Every structure is written in structure tokens, then in C-alpha cells.
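Single-structure report; data block below.
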Amino acid sequence: SYISQIDGEFIGLSSTPEILDTIASEYGLYYELYEDGIVDHTASTFLINPEGQLERIFSFGTEANIIADVLLQKLS
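Each residue of the sequence shown is one higher than the one before, counting from 167 in our numbering.
This is the structure we're talking about:
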């Protein structure tokens, strides 16, 4: 799979098209699967709490230390 080629610590998740469409709609995500297997998708990182509520969206390119600071604040 594509994700296994990137880094062994990443976890890729998938589901049925119906469930993916529901999740995409609920969180404002975009994805499109092309016939050649290429997937175009939202490049942001979403912080979702245990209740399934969207807490924060980090734009593509947000520095790791900023994300870490937010996560540490949420966990404290």
C-alpha cells in the first residue's frame, strides 16, 4: 500500500465509499479516487476529540512544534 512506502509509523485508514462520504461531509474533507489509483485529498491535519468533535484544523505545512504545543495543551 502507499502508506507503507512512506514511514512504518504511519497508519492508513479506509472504509466503504458510503462511510468515507459521511466522514468527508461531517468534517469538510475532500477526496477523489481516480481510475489509475491516484487519490487527491485534503492535506490538512484534523484534531478530533474522543467524542468525534472537530477541535482544530492544522493547515498543510504547520510546523510540528505548533501541533505539539496544541496537543500538549489539550492533554493537560
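Even glycine gets a Cβ: it sits at the ideal position worked out from N, Cα and C. Since the model is a prediction, treat every value here as computed from it, not as a measurement.
Let me check understanding here. Comparing Cα to Cα, which of the options lies closest to residue i?
i: F212; options: S170, S242, Y196; result: Y196
i: L237; options: T188, I204, E221, A190; result: E221
i: H207; options: E217, L186, Q219; result: L186
Tell me whether residue i sits in a helix, a strand or coil according to DSSP, three-state version.
i: Y200; result: coil
i: I233; result: helix
i: I169; result: helix
i: L238; result: helix
Ignore the nearest five residues each way along the sequence and tell me which others in residue i's own chain have a CB closer than 7 Å to its CB.
i: F226; result: A209, S210
Once the 5 residues before and after residue i are set aside, which same chain residues still bring their CB inside 8 Å of it?
i: S180; result: L186
i: Y200; result: D206
i: I189; result: S181, L195
For residue i, is the beta carbon positioned less than 8 Å from some heavy atom of the ligand FMN?
i: H207; result: Only the bare structure without any ligand can be found here, which leaves the ligand FMN out of the picture.
For the 8 Å Cβ check, are there 3 or more pairs between the stretch 207-227 and the stretch 179-199?
-> yes
Considering only residues of the stretch 182-229, which uninterrupted beta strand (DSSP E) runs meet the minimum length of 3 residues and lie entirely inside it, listed in chain order?
-> The qualifying runs are 197-199, 205-207, 211-214, 220-224.
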